[in-house]
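Position one of the sequence shown corresponds to residue 1 (the working numbering), numbered consecutively onward.
Heads up, the thing below is written out as structure tokens.
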Amino acid sequence: MNKTALITGASSGIGKALAGEFAKDGYNLVLAARGVAQMQALADDLQRRHKITATVIGADLETSDGAQKLHADIKARGITINALANNAGYGTFGEFKDSALAPALAMMQLNMNTVVALTRLFLPDLIATRGKVLNTASTAAFQPGPYMAVYYATKAFVLSFSEAIAAELAPHGVSVTALCPGPTASGFQDKADMHASALVKGKKLPSSEAVAAKGYRALNRGQRVYIPGCMNWVMAQSVRFTPRGVVTALVAQLSRPTAA
Ligand SMILES: NC(=O)c1ccc[n+]([C@@H]2O[C@H](COP(=O)([O-])OP(=O)(O)OC[C@H]3O[C@@H](n4cnc5c(N)ncnc54)[C@H](OP(=O)(O)O)[C@@H]3O)[C@@H](O)[C@H]2O)c1
Numbered sequence: 001m002n003k004t005a006l007i008t009g010a011s012s013g014i015g016k017a018l019a020g021e022f023a024k025d026g027y028n029l030v031l032a033a034r035g036v037a038q039m040q041a042l043a044d045d046l047q048r049r050h051k052i053t054a055t056v057i058g059a060d061l062e063t064s065d066g067a068q069k070l071h072a073d074i075k076a077r078g079i080t081i082n083a084l085a086n087n088a089g090y091g092t093f094g095e096f097k098d099s100a101l102a103p104a105l106a107m108m109q110l111n112m113n114t115v116v117a118l119t120r121l122f123l124p125d126l127i128a129t130r131g132k133v134l135n136t137a138s139t140a141a142f143q144p145g146p147y148m149a150v151y152y153a154t155k156a157f158v159l160s161f162s163e164a165i166a167a168e169l170a171p172h173g174v175s176v177t178a179l180c181p182g183p184t185a186s187g188f189q190d191k192a193d194m195h196a197s198a199l200v201k202g203k204k205l206p207s208s209e210a211v212a213a214k215g216y217r218a219l220n221r222g223q224r225v226y227i228p229g230c231m232n233w234v235m236a237q238s239v240r241f242t243p244r245g246v247v248t249a250l251v252a253q254l255s256r257p258t259a260a
């Protein structure tokens, strides 16, 4: 029988591309996000090309009970999850003092609480099937991020949580991989309204497909932390040997909004 992968944030970008990777390998899919029409088009395409089954579930995962509702829906359909890709997430760009509180709390709910809730809720399935977890963190996880302070902190949480449970779950046959991409071409920059940031302005970014393909291979290797791209890897390592004040000042310099 085919295995089944649940992918959150499958309506665009890295999640959409991850769905393609799992489907190529013969996984049945459960695709979850709010964009049902986009996911249905993806499901139709992948089902036709890879002879798999793809179930689309509209889910708002930044609500306090979004993860529980999604879990209940999947269980009501009698589906067992063998691979969980906690990928849905977004960032907000700008000065913290000018930011509204409610959107920051909603982002924290999606980027952190939902990751914990879905992982915990599907753990019985994952342990029973010696399954796999792929959490999309970010290179943002490795240092503080002025102008995206809350987002960077959420990704530090995802990285720390993923590494910790990877150690706990290894004896149970469950692998956990934190995928840590650098800036990647996707819907992310529009949503974060960060085209003015020097981090992305004028830069040619790797595609979501390339990042997902590398992340999927890391998942299959059982690698606990994977950073796609040599420069991203070097940057993530170098912050370990640099005073945090210096790193934070550098990120502030790099991220600061530039004139249009
Ligand atoms: N692109 C980058 O530069 C970059 C770098 C490092 C890490 N990442 C991480 O990669 C992951 C995927 O982002 P992406 O780059 O692929 O951006 P994207 O194209 O904007 O995709 C984000 C996905 O998250 C989903 N999502 C957003 N809010 C949601 C909600 N309330 N409920 C359910 N799903 C929601 C979106 O679906 P709907 O809007 O249809 O709900 C969409 O499918 C995120 O965790 C992001 O933090 C991105």
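We put the CB at the ideal spot given by N, CA and C, even for glycine.
Which residues bound the alpha helix (DSSP H) around residue i?
{"i": "Gly91", "result": "Taken as a continuous stretch (DSSP letters only), Gly91 belongs to no alpha helix (DSSP H), as it is neither H nor E."}
{"i": "Ile165", "result": "Ala149 to Leu169"}
{"i": "Thr119", "result": "Thr114 to Ala128"}
{"i": "Asn135", "result": "Run containing Asn135: none in the alpha helix (DSSP H); it sits in the beta strand (DSSP E), Lys132 to Thr136."}
{"i": "Leu179", "result": "From DSSP, Leu179 is part of no alpha helix (DSSP H) but of the beta strand (DSSP E) over Ser175 to Leu179."}
{"i": "Ser208", "result": "Ser208 to Arg221"}
{"i": "Pro243", "result": "Segment: none, Pro243 is in no alpha helix (DSSP H) and carries neither H nor E."}
{"i": "Phe188", "result": "Phe188 to Ala192"}
{"i": "Met231", "result": "Cys230 to Ser238"}
{"i": "Met107", "result": "Leu101 to Met108"}
For a cutoff of 8 Å on Cβ pairs, would you count residue i as touching chain C?
{"i": "Lys97", "result": "Of the protein chains in the structure, only one exists, and it is not chain C."}
With distances taken Cα to Cα, identify the nearest neighbour of residue i among the options.
{"i": "Thr4", "options": "Leu46, Leu159, Pro146 and Val30", "result": "Val30"}
{"i": "Ala10", "options": "Gly20, Met1 and Pro183", "result": "Gly20"}
{"i": "Glu209", "options": "Pro171, Gly26, Asn2 and Thr184", "result": "Thr184"}
{"i": "Val133", "options": "Val158, Pro146 and Ser197", "result": "Val158"}
{"i": "Ala137", "options": "Ala212, Val247 and Ile52", "result": "Ala212"}
{"i": "Thr129", "options": "Ala104, Ala141 and His172", "result": "His172"}
{"i": "Val251", "options": "Val234, Phe188, Gly35 and Pro146", "result": "Pro146"}
{"i": "Glu62", "options": "Ala88, Thr53 and His71", "result": "Ala88"}
{"i": "Val246", "options": "Met148, Asp25, Pro144 and Lys204", "result": "Pro144"}
{"i": "Leu110", "options": "Gln68, Val174 and Gly94", "result": "Gln68"}
{"i": "Gln237", "options": "Asp125, Phe142, Lys51 and Met1", "result": "Phe142"}
{"i": "Phe161", "options": "Ala196, Leu118, Gly202 and Ala59", "result": "Leu118"}
{"i": "Ile81", "options": "Leu121, Thr114 and Met194", "result": "Leu121"}
{"i": "Gly222", "options": "Val174, Gly58 and Gly35", "result": "Val174"}
{"i": "Gln38", "options": "His50, Lys16 and Thr139", "result": "Lys16"}
{"i": "Pro257", "options": "Phe93, Cys180 and Gly66", "result": "Phe93"}
{"i": "Ala54", "options": "Gly229, Ile79 and Phe241", "result": "Ile79"}
{"i": "Asp193", "options": "Ile74, Ser99 and Leu169", "result": "Ser99"}
{"i": "Leu123", "options": "Ile165, Ala140, Met148 and Ala106", "result": "Ile165"}
{"i": "Leu18", "options": "Val239, Arg244, Leu219 and Thr114", "result": "Leu219"}
Spatial neighbours of residue i within its chain, please: C-beta separation below 7 Å, excluding the five flanking residues on both sides.
{"i": "Met108", "result": "Val150 and Thr154"}
{"i": "Ile52", "result": "Asn2, Ala23, Gly26, Tyr27, Asn28, Leu29 and Leu46"}
{"i": "Tyr60", "result": "First, the residue type needs correcting, since residue 60 is Asp and not Tyr in the sequence shown. Hits under 7 Å: Arg34 and Gly66."}
{"i": "Val36", "result": "Val56 and Gly58"}
{"i": "Leu169", "result": "Val176"}
{"i": "Leu254", "result": "Ala198 and Leu199"}
Excluding the five sequence neighbours on either side, which residues of its own chain have a C-beta within less than 8 Å of the C-beta of residue i, listed in chain order?
{"i": "Phe22", "result": "Ala5, Ile7, Leu29, Ala83, Ala85 and Tyr216"}
{"i": "Lys191", "result": "Tyr90 and Gly91"}
{"i": "Lys203", "result": "Pro183"}
The beta strand (DSSP E) that contains residue i, what's its start and end?
{"i": "Asn82", "result": "Careful: Asn82 lies outside any beta strand (DSSP E) and carries neither H nor E."}
{"i": "Ala5", "result": "Thr4 to Thr8"}
Spatial neighbours of residue i within its chain, please: CB distance less than 6 Å, with the 5 preceding and 5 following residues excluded, ordered by chain position.
{"i": "Pro206", "result": "Thr184"}
{"i": "Ala178", "result": "Asn135, Ala137, Leu159, Ser162 and Val225"}
{"i": "Gly13", "result": "Ser186, Gly187 and Ser208"}
{"i": "Pro228", "result": "Pro181, Val211 and Lys214"}
{"i": "Pro156", "result": "Note on identity: in this sequence residue 156 is Ala, with Pro being the wrong assignment. Only Ala141 meet the Cβ criterion."}
{"i": "Phe263", "result": "As displayed, the chain neither begins before 1 nor continues past 260, which places residue 263 out of reach and without an answer."}
Report whether the distance from the Cβ of residue i to the nearest heavy atom of ligand 2 is below 7 Å.
{"i": "Phe96", "result": "Because ligand 2 does not appear in the structure shown, any question about it cannot be addressed here, the ligands present being ligand 1."}
Would you mind listing the alpha helix (DSSP H) stretches within the stretch 22 to 58 that are 4+ residues and don't spill past its ends, in chain order?
As far as the stretch 22 to 58 is concerned, its whole alpha helix (DSSP H) runs of at least 4 residues are 36 to 50.
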